[in-house]
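J.:
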Amino acid sequence: GDNALTQELLNRLTARKQIYVIAATYREKLIIRFVICSSLTRSEDVDFAWQEIKGQADEILVSESHKLCIELEKENNINSEFTKEECGAVTARLEKMKIEGAQQTQKIT
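Printed below as a string of structure tokens:
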């Protein structure tokens, strides 16, 4: 896809000023760089940064899922309960992943 979601994530992370990230491009794709340069960095610092990135990404995905459902209903003029249930299920799965992700994190050692 395009770079809109990555740009939105970059904008949110930059505006929050909790971690320092920079934009870069690779093969015409926008990427977000988070680099650890200090020898004083602790695993808690990396965990904090990961939770900040993941939390903002989760919020964007849930928001985009909700927007997509609304657009589909408008475009197709569909008001059936089945469609609303399907859209709700997608959003619920994203919310569940967000909660489960907060409970378990991967550590790279």
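Each residue of the sequence shown is one higher than the one before, starting from 1 at the first, in our numbering. Using N, Cα and C, we set each Cβ at its ideal position, and we do this for glycine too. Predicted model only: the values in this text are computed from it and were never measured.
Taking buried to mean at least 16 other C-beta atoms within 10 Å of its own C-beta, is residue 13 buried or exposed?
T.: The Cβ neighbour count for residue 13, taken over all protein chains shown within 10 Å, is at least 16; the residue is labelled buried.
J.: What residue range does the alpha helix (DSSP H) around residue 6 cover?
T.: 4 to 16
J.: What does the Cβ neighbour count give for residue 10, buried or exposed, with the cut at 16 atoms within 10 Å?
T.: buried
J.: Does the count of Cβ pairs from the stretch 14 to 22 and the stretch 31 to 44 closer than 8 Å reach three?
T.: Two segments are said to touch when three or more pairs of C-beta atoms, one from each, lie closer than 8 Å; by this definition the stretch 14 to 22 touches the stretch 31 to 44.
J.: As an exercise, report each continuous beta strand (DSSP E) stretch of at least 3 residues that is fully enclosed by the stretch 28 to 58, in chain order.
T.: Whole beta strand (DSSP E) segments, 3+ residues: 29 to 33.
J.: Where residue 40 and residue 48 are concerned, what is the direct C-alpha to C-alpha distance, given to the nearest angstrom?
T.: 15 Å
J.: Determine the direct distance from the alpha carbon of residue 73 to that of residue 15, and round the result to whole angstroms.
T.: If you draw a straight line from the Cα of residue 15 to the Cα of residue 73, it comes to about 32 Å.
J.: For residue 26, which option in 65, 6 and 52 has the closest C-alpha, if you only look at C-alpha atoms?
T.: 6
J.: Measure the Cβ-Cβ separation of residue 8 and residue 60 and say whether it is below 7 Å.
T.: yes
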